[in-house]
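Novice: In order, the protein sequences belong to chains A and B. In terms of the working numbering, the first sequence has 1308 at position 82, counting the first letter as 1, and numbering is strictly consecutive. In terms of the working numbering, the second sequence has 327 at position 51, counting the first letter as 1, and numbering is strictly consecutive. Virtual Cβ for every residue (Gly too), placed ideally from N, Cα, C. The structure displayed is predicted, hence computed values, not measured ones. Below are the C-alpha cells for one structure; questions will follow.
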Amino acid sequence: MIKKLWLIFLILILSGFSAGLTKDQLELVAPGGGELDLGRNVMVYHGTATKPVEVRWQSLILNSKYLEYNRNNETLFAKSQAQITQKLPFRTLKANEISVKLKQESLAANGGVSLKYDDTTTVTCNMLKWDQKNDLMELSGQPIVIYKEWTIKGVRMEGHPQKGLFIVYGPAEAANKTSLARGGKMTFDRDADKLVIQENPDLVRGKNEMSANEIVYDLKTNQVLASGTVKTRIVEETE
Amino acid sequence: MLKKRFWLVFLIILVSAITVLVFWQTLQQGISTGKLKTTADDSQAGLDEFSGMKIKIPGAEKDGYWELTVSKFADLSDVGRLNKVEGSYYRGRKPVYLISGETGVIYWNSRVLELQGNVLIKTYDGSKKITADELVWDPNQKTITARHNVTLETSNLTVNAETFSSNLYLNRASFTGMTKAVYERVDHD
C-alpha cells in the first residue's frame, strides 16, 4: 500500500515537473516604461538613451530601443538598434528591425543586417529570414560573408547555420589578397573550411587562371581541386 | 391673616424659583445632548469624526458609485479622511472593482479618491489586480493612477513598475520608470 502511494506521489511530481517544463517564460525589462492595450493584447515597451529594452526567452536575448509584443499571435517586433543574441552557440544578429515569431521559431531582420556567426565569420546583408526550426536562413540585399581574409559575395544566399553551410547564388565571387574565385554558385562550408565553386567556376591566383566544371578550394591549406574539363592559363601583365 | 399671606407669597416665590431652575437645567441638558462628538484636539475647526461606518460616494460614470467601509472617518469641510478602507465600485448596481487601503482621502468637490498603504484594486472576476503604495481614482480625468511598488497581475502576465496609469476599465494602461514584465507562455504544441 505504501509502495503504491509512493508511486502515485512520484507520478504526480513528474507530471508537475513536465507541465512546468512545457511553460516558457518571457522576461522583459523596459527602462523607459511602456503601454499596454489589454483589450487588443498588444504591449509596447521603451528603452532609454543608454539602456535598451531587453527580452529573454529560452536561450535568446533581444535588445532594442523600442519593442512591441503581440500576445495573440506571439510576435515580437524590435526596432532601433535591435540585436538578438543566442547563447549557445554564441551568435549575435544586429539590424535596424527584427521581427520574431515565437511559436514558429522564426525571425526576420531588415536594414543593416549583421550576423556574427562565430569569431572568424560575419555575414552582412539588407534582409534576412531565419527559420530556426528547419535550419534555413535566406539572405538578400547584397549579402556578404566575411571569413578570415576572405570576402564572399553574391546576389542572394542561403544559410544552414547548424550545418555551417552558406550557399551563394550568383554571379558569386570570393576574394582575398591573392585569389579571386567566380562562379554561378558557391558553397562555403565553414566546418570543413572549404569553398566549392560551381556553374562556370573560375579561379585566378597570382598569374594563374583556372576554369573547370567544379573547383574545390581548401581555405585552410590553400589547395585547389578542380574536376571536369580543367583549363589553365597564365595571365600576362600588360604595361 | 398677615401670617397666612406671608406664607402664601413665600410659597409662590419658592415654587417659581424651583420651576425656573428645573426649566433651566432641562434646557442645558437638551443643548448638550444635541452636540456631535468632537476630538480633544480641536485645532481643526468643524471636524467631525465617526467610527465604523459605510460611505456611498458617487463615481465618474452616471450609474457608478463607491461603497466603502471604513474603521474611522473624519469629515472636514472639503475632504473626508478614511482609515482602513475596504469596499467596492459599482457600475449599474453591479460590483466591478474591489478596493482596499490603510488610509485614504476623498475630496468632496472633485470626488477624487486617494488611498495609501498596501493599496489593492482588483476586478470582481479576479482577472486583473493592482497593488501599490498609493492609488488615485480621478473621476474627472477618468483615470486610475498607482504609484510606488506597483504590481499589475493579469492572466499569465505580471508587471512591476514605478508608476501605472490606466483608464477606468483597466484595459489601456501605461507604465513609467523601470518596468519589468514576466509573461507565462503556455506550450501549444
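#1: Residues of the region 1270-1289 of chain A with a CB closer than 8 Å to any CB of chain B: list them in chain order, please.
#2: Which ranges does the beta strand (DSSP E) cover as unbroken runs of at least 3 residues, wholly within the region 1353-1433 of chain A, from first to last along the chain?
#3: Beta-carbon within less than 7 Å of alanine 449 of chain B's beta-carbon, same chain only, minus the 5 sequence neighbours each way: which residues are those?
#4: In terms of residues, what are the limits of the beta strand (DSSP E) holding serine 1306 of chain A?
#5: Along the region 447-459 of chain B, where does the CB come closer than 7 Å to a CB of chain A? Name the residues.
#6: On the three-state DSSP scale, how would you describe leucine 1451 of chain A?
#7: Are the C-beta atoms of glutamine 1251 of chain A and some chain B residue less than 8 Å apart?
#8: Buried or exposed: asparagine 1360 of chain A, going by 16 or more other Cβ atoms within 10 Å of its Cβ?
#9: When the cut-off is 8 Å and only beta carbons count, does glutamate 1261 of chain A lie next to chain B?
#10: Which residues in the same chain have their Cβ closer than 7 Å to the Cβ of serine 1453 of chain A, if we skip the five residues on either side of it in sequence?
#11: Once you ignore the five residues that flank threonine 254 of chain B on each side, which residues in its own chain have a CB closer than 7 Å to its CB?
#12: What residues in the region 1382-1404 of chain A bring their beta carbon closer than 8 Å to a beta carbon of chain B?
#13: Could you check whether glutamine 1307 of chain A and threonine 1318 of chain A sit closer than 8 Å to each other, using their CB atoms as the reference points?
#14: Mind the definition here: the region 344-353 of chain B touches the region 282-298 of chain B only if three or more C-beta pairs lie below 8 Å; say whether that holds.
#15: Is there a Cβ of chain B sitting closer than 8 Å to that of valine 1255 of chain A, yes or no?
#16: Against chain A, which members of the region 413-441 of chain B pass a CB distance test of less than 7 Å?
#17: Please tell me whether arginine 369 of chain B has its Cβ less than 8 Å away from any Cβ of chain A.
Specialist: According to the structure shown:
#1: Tyr1271, Trp1283
#2: 1362-1366, 1370-1373, 1376-1379, 1382-1386, 1391-1401, 1405-1415, 1420-1424, 1428-1431
#3: As a working mapping, residue 449 of chain B is identified with position 173 in the second sequence. Phe440, Ser441, Ser442, listed in sequence order.
#4: Within the first sequence, residue 1306 of chain A is the residue found at index 80, counting from 1. Unbroken beta strand (DSSP E) run through serine 1306 of chain A: 1301-1312.
#5: Asn447, Arg448, Ala449, Ser450, Phe451, Thr452, Gly453, Met454, Thr455, Lys456, Ala457, Val458, Tyr459
#6: If you number the first sequence from 1, residue 1451 of chain A lands on position 225. Of the three classes helix, strand and coil, the one that applies to leucine 1451 of chain A here is strand, per DSSP.
#7: Locating residue 1251 of chain A in the first sequence gives position 25, counting from the first residue. By this cut-off, glutamine 1251 of chain A is an interface position.
#8: For the purposes of this step, residue 1360 of chain A is taken as residue 134 along the first sequence, with counting starting at 1. Per the 10 Å Cβ criterion, exposed.
#9: Counting from 1 along the first sequence, the entry for residue 1261 of chain A is found at position 35. Glutamate 1261 of chain A counts as touching chain B.
#10: Along the first sequence, one-based indexing puts residue 1453 of chain A at 227. Taken in chain order, the residues that qualify are Ala1438, Asn1439, Glu1440.
#11: As displayed, chain B neither begins before 277 nor continues past 465, which places residue 254 of chain B out of reach and without an answer.
#12: none
#13: In the first sequence, counting from the first residue as 1, residue 1318 of chain A sits at position 92. In the first sequence, counting from the first residue as 1, residue 1307 of chain A sits at position 81. Not closer than 8 Å, so no.
#14: no
#15: In the first sequence, residue 1255 of chain A corresponds to position 29, counting from 1. So yes, valine 1255 of chain A belongs to the interface.
#16: Thr430, Ala437
#17: Here residue 369 of chain B is taken as the residue at index 93 of the second sequence, counted from 1. Taking Cβ atoms only, chain A never reaches closer than 8 Å to arginine 369 of chain B, which makes this a no.
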